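Contents: one structure, followed by commentary.
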Amino acid sequence: MVAATESGSPDEESAAEVGRKLGFTLGMVVQERAWDEDTDDNLRIAVEDAIDAEMLDEDSDDVADVVVLWWRDDDGDLVDGLINAITPLADDGFVWVFTPKTGQDGYVDPADISEAASTAGLTQTSVVNFGTWSGSRLVQPKSRTGKRA
17 MVAATESGSP DEESAAEVGR KLGFTLGMVV QERAWDEDTD DNLRIAVEDA IDAEMLDEDS
77 DDVADVVVLW WRDDDGDLVD GLINAITPLA DDGFVWVFTP KTGQDGYVDP ADISEAASTA
137 GLTQTSVVNF GTWSGSRLVQ PKSRTGKRA
């Protein structure tokens, strides 16, 4: 888990280092979905510092290496949100779903994230905490290209 202070600022780490710990690397194309005024600006800065670029908005048609999805309990059906998130995703790309932590407005139960991920064809690989947000890293199944029947 990524250590963070109560203000959400990384403990003794640069924003870029935090972004790299989350799997973001220089030159990645990252699309951000469901941004709102409540999202964590420190986390957004960490991602953009690690990739050395701004994140694309959800209207972009570019193929993304990673999608950052901010999700709250009242945002609708998480399965639909995840399906929309994987549409622009590269074959080896992944999704970070950030939801408010327990006790915060918009909290999403981790079991709901796991169930929605499975329904959308994704697998959860890790969970991090950052400020008042919790993140779940979701990956697509490995492609079976190259195998013959």
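Numbering (our numbering), first residue to last: 17 to 165.
Every residue, glycine too, gets a C-beta built ideally from N, C-alpha and C.
This structure is a prediction, so every number in the text was calculated from the model and none was measured.
Ile67 has its alpha-carbon roughly 8 Å from the corresponding atom of Val45. Asp77 is the residue among Glu33, Lys37, Asp77 and Val34 whose C-alpha sits nearest the C-alpha of Glu48. Per the coordinates, the alpha-carbon of Ile129 lies some 10 Å from the alpha-carbon of Thr139.
Note: Val46 is bridge-paired with Val82 in the DSSP secondary-structure output. Per the coordinates, the alpha-carbon of Pro157 lies some 12 Å from the alpha-carbon of Ile102. If you look at Gly109, you'll find it in the beta strand (DSSP E) that goes Leu105 to Pro116. With three or more CB-CB distances shorter than 8 Å, the segment 136 to 154 counts as touching the segment 102 to 115. For Val34, the secondary structure class from DSSP, reduced to helix, strand or coil, is helix. Following the DSSP letters along the chain, one finds Gly151 inside the beta strand (DSSP E) bounded by residues Trp149 to Val155. The Cβ-Cβ distance between Gly39 and Asp65 does not fall below 8 Å. In this structure, Ala132 places its C-beta atom within 8 Å of the C-beta atom of Val95.
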